[in-house]
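Colleague:
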Amino acid sequence: MSAAIPVSKLPVYLDYAATTPVDRRVAERMIPFLTEVFGNPASSTHAFGWSAREAVEQSRAQVARLIGAQPGEIIWTSGATEGNNLAIKGAAHANRRGTTGHLITVATEHKAVLDTVRDLEREGFTATVLAPGPDGLVSAADVASAIRADTVLVSVMLVNNEIGVIQPIAQIGELCRARGVIFHCDAVQGAGKVAIDVEALQVDLLTITAHKMYGPKGIGALYVRQRPRVAVEAQIHGGGHERGMRSGTLPAHQIVGFGEAARIAALDMMDDNARIGALRHRLLEGLLSIDGLVVNGSLESRVPHNLNVSIALGEGASLAMSLERIAVSAGSACTSAAAEPSHVLRAIGLSDDLAHHSLRISIGRYTEPADIEVAIEAIKSAVAFARAAH
Ligand SMILES: *Cc1c(COP(=O)(O)O)cnc(C)c1O
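Heads up: the sequence shown is residues 3 to 392, going by this note's numbering.
1. May I ask you to verify whether the segment 174-182 touches the segment 45-62, counting CB pairs closer than 8 Å and requiring at least 3?
2. Drop a sphere of 10 angstroms on the beta-carbon of P371, count the other beta-carbons inside from all chains shown, and report buried for 16 or more, exposed for fewer.
3. For a test of the three-state rule: what should DSSP assign to V157, helix, strand or coil?
4. Figure out for me which residue from K91, I69, L285, H213 has the closest Cα to the Cα of V196.
5. Considering only residues of the segment 90-164, which uninterrupted alpha helix (DSSP H) runs meet the minimum length of 4 residues and lie entirely inside it, listed in chain order?
6. By alpha-carbon positions, which one of T128, R124, H307 ends up nearest to I106?
7. Can you name the start and end residues of the alpha helix (DSSP H) that V385 belongs to?
8. Check whether the Cβ atoms of E56 and A66 sit closer than 8 Å, and answer yes or no.
9. Under three-state DSSP, which class holds F185?
10. Within 10 Å of its beta-carbon, does P343 have 16 or more other beta-carbons around it, so buried, or fewer, so exposed?
11. Locate the alpha helix (DSSP H) running through L352, then write down its first and last residues.
12. Return helix, strand or coil for Q228, following the three-state DSSP convention.
13. Let me check one thing: in DSSP terms, what residues is A223 bridge-paired to?
14. Does DSSP classify T22 as helix, strand or coil?
15. Taking 7 Å as the cut-off, is the CB of V145 close to at least one heavy atom of ligand 1?
16. Would the beta-carbon of M247 fall within 8 Å of that of I77?
17. Roughly how many whole angstroms lie between the Cα atoms of A386 and L361?
18. So the beta strand (DSSP E) N42 belongs to, where does it begin and stop?
19. Regarding H213 and ligand 1, is the C-beta to nearest heavy atom distance less than 7 Å?
20. On the DSSP letters alone, give me the boundaries of the alpha helix (DSSP H) that I266 sits inside.
21. What three-state label does DSSP hand I168 in the structure shown?
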């Protein structure tokens, strides 16, 4: 068995938008649900099942409370990739006009939204993919002019995972409600960072996932509005769990962890944000002395957790490879495996070259001031090194 890398040798973690560690309070809550309260929540004939069920329902209420929903409107999923698939395919199939329909989304959405919309296009649906402004924001007016008589669904994310910008969800929600179009929001990067109220936002479907908010990986939730009721067709069939919308044995330990993470998020959000905002301020201040550095995305409509910068270095130069002391993303966690430049940075108008020389630095609950100083030094010296070598 290979040993873990000693903590002292690990880089400073500044990739909270890719995933977060599980909060110790969350991990402790989960443990008894692996060993003692192990019953199947669907077992209705004995106490093992009842106690697991009770914990699942308590967590459902905690997750619902975080987003201003009713517990009965929460459907457990394996994460936000599944949640986005269920929301978009499920609502498109259940509400199509005849055999098809029109969908609207934005070019800077997560691939779990964009690829799902692409898949529906192969089935015969049509789609409008809106271009955001250079600040990464889309306006309700842009959405309004794309709505057609056969538009079934609009999908716009709350907070962008690469550039951290906050979209005007309440305005888009109001518009969609007035036009009778279903509105889905991928709120993964907003949950625990900005206050979410599904009533105020007028969203019909909303996706979140635990591992971006100090809960475990592999558990998410889809909010499905009950009043007025939104029809969603199941994508996974089986025992009829989750009101028939998502079959499969519920992982009580994961769900309990998600519930606890949601409870803590609601309590700590204001303090976390104030502290993280100060760290981001210092990070930006420290990096601004770098020649040719630009910030990607609006700084006004943005969560404090994210900074995304590009540095003009010239073709062939490499930045991320020389950053050994900090764990950050080059563009996006999902695209860094491929050489393709980030679709988000492209959509806001960056050249491929500049997009290649960009870093997403995401700050979280356990980031300390010293970590930010390490990051500033590491980035400055990586830029100096890349420029000297070039
Ligand atoms: C991480 C992420 C997802 C995917 O969530 P998983 O739970 O990892 O499947 C979807 N949308 C956004 C905006 C994300 O940041």
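Note that CB positions come from ideal geometry on N, CA and C, so glycine has one too.
Modeller: Considering the structure as presented:
1. Result no; under three Cβ-Cβ pairs closer than 8 Å.
2. Against the sequence shown, residue 371 aligns to sequence position 369. With fewer than 16 other beta carbons inside 10 angstroms of its own, P371 counts as exposed.
3. The count along the sequence shown starts at 1 and reaches residue 157 at position 155. The identity of residue 157 in the sequence shown is Ser, whereas the question assumes Val. Shown here, S157 sits in a strand according to DSSP, grouped into three states.
4. For the purposes of this step, residue 196 is identified with residue 194 of the sequence shown, where counting begins at 1. Each of K91, I69, L285, H213 was checked against the Cα of V196, and the nearest Cα belongs to I69.
5. Note on the segment 90-164: whole alpha helix (DSSP H) runs with a minimum of 4 residues are 113-125, 142-148, in chain order.
6. Within the sequence shown, residue 106 is the residue found at index 104, counting from 1. T128 is the residue among T128, R124, H307 whose C-alpha sits nearest the C-alpha of I106.
7. For the purposes of this step, residue 385 is identified with residue 383 of the sequence shown, where counting begins at 1. Element bounds for V385: 371-391.
8. Translated into positions along the sequence shown, residue 56 becomes position 54. Translated into positions along the sequence shown, residue 66 becomes position 64. Judged by their CB atoms, E56 and A66 are not nearer to each other than the 8 Å cut-off.
9. Here residue 185 corresponds to residue number 183 of the sequence shown, with the count starting at 1. If DSSP states are grouped into helix, strand and coil, F185 belongs with the strands.
10. Stepping through the sequence shown from its first residue, residue 343 is reached at position 341. Buried, since its Cβ has 16 or more Cβ neighbours within 10 Å.
11. Stepping through the sequence shown from its first residue, residue 352 is reached at position 350. Premise fails: L352 is in no alpha helix (DSSP H) and is neither H nor E.
12. Your numbering for residue 228 matches position 226 in the sequence shown. For Q228, the three-state secondary structure derived from DSSP is strand.
13. Locating residue 223 in the sequence shown gives position 221, where the first residue counts as 1. Paired residue(s): W78, I210.
14. In the sequence shown, residue 22 corresponds to position 20, counting from 1. Coil.
15. Within the sequence shown, numbered from 1, the residue matching residue 145 stands at position 143. Closer than 7 Å to some heavy atom of ligand 1: that does not describe the Cβ of V145.
16. As a first step, residue 247 must be located in the sequence shown, where it is residue number 245. As a first step, residue 77 must be located in the sequence shown, where it is residue number 75. With contacts defined by Cβ atoms closer than 8 Å, M247 and I77 form a contacting pair.
17. Translated into positions along the sequence shown, residue 386 becomes position 384. Translated into positions along the sequence shown, residue 361 becomes position 359. Across the structure, A386 and L361 are spaced so that their CA atoms are roughly 15 Å apart.
18. Within the sequence shown, numbered from 1, the residue matching residue 42 stands at position 40. Where N42 is concerned, there is no enclosing beta strand (DSSP E), because DSSP gives it neither an H nor an E.
19. Position 211 of the sequence shown, counting from 1, holds the residue named residue 213. Result yes, Cβ under 7 Å from ligand 1.
20. Numbered from its first residue, the sequence shown carries residue 266 at position 264. Taken as a continuous stretch (DSSP letters only), the alpha helix (DSSP H) holding I266 covers 254-289.
21. The count along the sequence shown starts at 1 and reaches residue 168 at position 166. I168: strand per DSSP, three-state reduction.
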